[in-house]
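Undergrad: Number 70 in UniProt numbering belongs to position 70 of the sequence shown; there are no gaps in the numbering. Glycine included, each C-beta is placed from N, C-alpha and C at the ideal position.
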Amino acid sequence: MKINPKNGIDKLIFGMKQNDVIAIYGKPNKNYKDEDDNVIFVYNELKIRLTFYQEEELKLGYLVASSPNLELFGYKIINRKITDVKKDLAQKGITKFTQEEFDTFENYFNEENWIILQTEFEEVVKFEIGAIINDKDEFDWKFKK
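1) Whole angstroms are fine: how far does the CA of L58 sit from the CA of G130?
2) Specify, as a first and last residue, the run of the beta strand (DSSP E) that I129 falls within.
3) So, under 8 Å CB-CB, I78 and V42 are touching, yes? Tell me the CB distance rounded to an integer number of Å.
4) Please identify the residue among G15, K2, D10 whose C-alpha is closest to the C-alpha of K145.
5) What residue range is occupied by the uninterrupted beta strand (DSSP E) comprising K30?
6) Looking at the strands, I want to know which residues DSSP matches up with F41.
7) Along the chain, where does the beta strand (DSSP E) that runs through K59 open and close?
8) Grab the span of the beta strand (DSSP E) containing T119 for me, first residue to last.
9) For D37, collect the residues of the same chain with a Cβ closer than 6 Å to its Cβ; drop the 5 residues on either side in sequence, then sort them by chain order.
10) What is the DSSP secondary structure of E55, counted as helix, strand or coil?
11) Return the chain-ordered ranges of every beta strand (DSSP E) run that is complete within the stretch 62–116 and spans a minimum of 3 residues.
12) Just checking my contact of F139 with E56 at CB under 8 Å: how many whole Å lie between their CB atoms?
13) Name the residue from F102, L72, K76 whose alpha carbon lies nearest to the alpha carbon of G93.
14) Could you pull out every residue in the same chain whose Cβ sits closer than 7 Å to the Cβ of A90, ignoring the five residues on either side in sequence?
15) What is the DSSP secondary structure of N4, reduced to helix, strand or coil?
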């Protein structure tokens with residue numbers, strides 16, 4: 001599954017509605033609302049969680065994935081050492097990360113591309129990507145019908 005920075009993952013494009021996603025991937029394995037009334041889709045086989053923002057007309061705005069098939073710029077990222085992943089990304093100009101620690105987990109956040117590499121035991125275990133917010137403080141929706 002190819003990660004498309006600022007756009008989404010694979011055929012998932014920020015700004016899609018639930019029906020757009022279902023037309024491509026079928027019904028999710030799990031479908032629920034979070035504490036903010038956002039709609040969450042879970043696809044077990046793809047190892048991906050999708051968030052449709054309630055305050056944005058239920059548009060797809062956030063993805064969390066842990067599939068070992070994820071690729072960013074042609075590099076696999078899941079189950080690899082964070083030092084190796086960061087070296088690969090540096091070759092593509094992604095070098096600025098804010099680091100946060102939570103128990104045994106560490107998050108490496110790159111604001112420019114709104115991505116998070118979550119690690120445990122220095123290996124990437126989860127990848128998160130969100131829709132970009134533009135200079136007008138609005139979401140930059142990429143999906144156009």
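TA: Taking the definition as stated:
1) Position 130 of the sequence shown, counted from the start, is the residue given in the question as residue 130. Position 58 of the sequence shown, counted from the start, is the residue given in the question as residue 58. If you take the alpha carbons of G130 and L58, they lie about 14 Å apart.
2) On the sequence shown, position 129 is the one that residue 129 refers to. Looking at the DSSP string, the run of the beta strand (DSSP E) that includes I129 is 123–130.
3) On the sequence shown, position 78 is the one that residue 78 refers to. On the sequence shown, position 42 is the one that residue 42 refers to. In this structure, I78 and V42 do not form a Cβ contact; the two beta carbons are roughly 17 Å apart against a cut-off of 8 Å.
4) The residue labelled residue 145 in the question sits at position 145 within the sequence shown. Each of G15, K2, D10 was checked against the Cα of K145, and the nearest Cα belongs to G15.
5) Start at 1 with the first residue of the sequence shown, and residue 30 comes out as number 30. Here the beta strand (DSSP E) through K30 covers 30–33.
6) As a working note, residue 41 is residue 41 in the sequence shown. According to DSSP, which records beta bridges pairwise, F41 is partnered with N31, L50.
7) Start at 1 with the first residue of the sequence shown, and residue 59 comes out as number 59. Where K59 is concerned, the enclosing beta strand (DSSP E) stretches over 59–65.
8) Indexing the sequence shown from 1 puts residue 119 at position 119. Element bounds for T119: 115–120.
9) The residue labelled residue 37 in the question sits at position 37 within the sequence shown. Correct list, in chain order: Q54.
10) The residue labelled residue 55 in the question sits at position 55 within the sequence shown. In the structure shown, E55 sits in a helix (DSSP, three-state: H, G or I).
11) Whole beta strand (DSSP E) segments, 3+ residues: 98–102, 105–110.
12) Here residue 139 refers to the residue found at position 139 when the sequence shown is read from its first residue. Here residue 56 refers to the residue found at position 56 when the sequence shown is read from its first residue. Indeed they touch by this definition, with Cβ atoms about 6 Å apart.
13) For this step, residue 93 is matched to residue 93 along the sequence shown. Taking only the C-alpha atoms, the option nearest G93 is L72.
14) Your numbering for residue 90 matches position 90 in the sequence shown. Counting only Cβ-Cβ distances below 7 Å, and skipping sequence neighbours, we find nothing.
15) Here the question's residue 4 lines up with position 4 in the sequence shown. Note: N4 maps to strand in three-state DSSP.
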